[in-house]
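Participant: No gaps in the numbering here: position 156 of the first sequence is 155 in numbering that gives the first Met the number 0, and each next residue is one more. Quick reminder that beta carbons are idealized off the backbone N, C-alpha and C, glycines included.
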Amino acid sequence: MDHVEEKMLFPYAVSNYYNQVQVQVQNGEQKTRRRRKKVKEGELSAELKKRRLNDEQVKFLEMSFKKERKLETGRKVGLATELGLDPKQVAVWFQNRRARHKSKQLEEEYTKLKSAHDSVVVEKCHLENEVMKLKERLCEVEEEMKKLSMNGNTVPSGGNSSPSSSFSTITYHPQPQLLVKEFGAEAEPEIFYVPEYSEYGYPNFLDWGSVYGI
DNA sequence: GTGCCGCCGCGGTTACATCA
DNA sequence: TTGATGTAACCGCGGCGGCA
Numbered sequence: 000m001d002h003v004e005e006k007m008l009f010p011y012a013v014s015n016y017y018n019q020v021q022v023q024v025q026n027g028e029q030k031t032r033r034r035r036k037k038v039k040e041g042e043l044s045a046e047l048k049k050r051r052l053n054d055e056q057v058k059f060l061e062m063s064f065k066k067e068r069k070l071e072t073g074r075k076v077g078l079a080t081e082l083g084l085d086p087k088q089v090a091v092w093f094q095n096r097r098a099r100h101k102s103k104q105l106e107e108e109y110t111k112l113k114s115a116h117d118s119v120v121v122e123k124c125h126l127e128n129e130v131m132k133l134k135e136r137l138c139e140v141e142e143e144m145k146k147l148s149m150n151g152n153t154v155p156s157g158g159n160s161s162p163s164s165s166f167s168t169i170t171y172h173p174q175p176q177l178l179v180k181e182f183g184a185e186a187e188p189e190i191f192y193v194p195e196y197s198e199y200g201y202p203n204f205l206d207w208g209s210v211y212g213i
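#1: Taking Cβ to Cβ, would you say R68 is nearer than 8 Å to R97?
#2: Report the three-state DSSP secondary structure of K132 (helix, strand or coil).
#3: Run the CB neighbour count on Q88, radius 10 Å, all protein chains shown included, and call it buried at 16 or more, exposed below.
#4: Please determine if the stretch 126-134 and the stretch 104-118 are in contact, where contact requires at least 3 C-beta pairs separated by less than 8 Å.
#5: Is it true that the CB of E81 sits closer than 8 Å to the CB of F59?
#6: Give the DSSP-derived three-state secondary structure of N95 in the structure shown.
#7: Looking at the structure shown, is D85 part of a helix, part of a strand, or coil, going by DSSP?
#8: Given this structure, state the Cα-to-Cα distance separating R74 from D54, to the nearest angstrom.
#9: Would you mind reading off the limits of the alpha helix (DSSP H) that contains E61?
#10: If you compare alpha carbons, which of E71, F93 and T72 is closest to Q56?
#11: Distance check for V121 and G151, CA to CA, integer angstroms please.
#12: According to the neighbour-count rule (16 or more other Cβ atoms, all chains shown, within 10 Å of its Cβ), is L112 buried or exposed?
#13: Going straight from the alpha carbon of E141 to that of L126, what length do you get?
#14: I need the DSSP call for L78, collapsed to helix, strand or coil.
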């Protein structure tokens, strides 16, 4: 490719379009880089103004990109010949296109992950709400038991009653108890069994789930 | 095995084009 | 007119294959 042709295809790839500038690179160090000169209004040549690829060229390149995202030399030269471009332009177009594709993919992936995250947050709120209700219910039951023991009643144990000195030392050896679950005004009462009580008068920790049917 | 060279892809950047 | 966004082209770097 001679100089004139190069200028036609790459108007910026000519030395007098560049300045040597000091730039700061990623690690903070200063480096000399070649930078395109800014062109003043009115100084834009015809070549500079026709930098953008036309619709037909873009369409063709897009079709080619869909088939294969990487560009081997033969294909690059073929495309360049077909479109009247420089092979380097084709290479640059594919490079930029891959970058755009990757960026778009990342954006989509982020959207999906964010959506999944939001769902989990909502689910967490529901579960926390449920835990609060269960704690309230537990307090009510404990209060009820306290009252019963204060009145000198024993907590029914499968029809058999046994005396107890105080709430803190009360020990149950129950047959499975029947309770009525009464969450929500509109909910049907639900009958379920209370598990065996521990030595502290409370169900074993791991049994609480079965107490409330969760 | 090693050093050099050319090519390629990638991440990041710049300047210009376009649009609201 | 201006700021935001898109795009073409570039830089610097690292990886890889061919070659002496």
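Facilitator: The short version:
#1: Translated into the one-based positions of the first sequence, residue 68 becomes position 69. Translated into the one-based positions of the first sequence, residue 97 becomes position 98. It is a contact, given that the beta carbons lie within the stated cut-off.
#2: Here the question's residue 132 lines up with position 133 in the first sequence. It is helical.
#3: Residue 88 sits at position 89 when you count from the first residue of the first sequence. Q88 is buried by the Cβ-count criterion.
#4: no
#5: For the purposes of this step, residue 59 is taken as the residue at position 60 of the first sequence. For the purposes of this step, residue 81 is taken as the residue at position 82 of the first sequence. Contact flag set, yes.
#6: Residue numbering aside, residue 95 sits at position 96 when the first sequence is read from its first letter. Here N95 sits in helix by DSSP.
#7: The sequence position of residue 85 within the first sequence is 86, counting from 1. In this structure, D85 counts as coil in the three-state DSSP scheme.
#8: The residue you call residue 74 lines up with position 75 of the first sequence. The residue you call residue 54 lines up with position 55 of the first sequence. Cα-Cα distance, rounded: 20 Å.
#9: Here residue 61 refers to the residue found at position 62 when the first sequence is read from its first residue. Note, E61: alpha helix (DSSP H), D54 to K66.
#10: Walking along the first sequence from the start, residue 56 turns up at place 57. Per the Cα distances, F93.
#11: As a position in the first sequence, residue 151 is number 152, starting the count at 1. As a position in the first sequence, residue 121 is number 122, starting the count at 1. Their Cα atoms are separated by approximately 46 Å.
#12: Position 113 of the first sequence, counting from 1, holds the residue named residue 112. Exposed, because fewer than 16 other Cβ atoms sit within 10 Å of the Cβ of L112.
#13: Taking the first sequence and counting its residues from 1, the one referred to as residue 141 is at position 142. Taking the first sequence and counting its residues from 1, the one referred to as residue 126 is at position 127. E141 and L126: Cα-Cα distance of roughly 22 Å.
#14: Reading the first sequence from its first residue, position 79 is the one you call residue 78. Looking at L78 - three-state DSSP - the assignment turns out to be helix.
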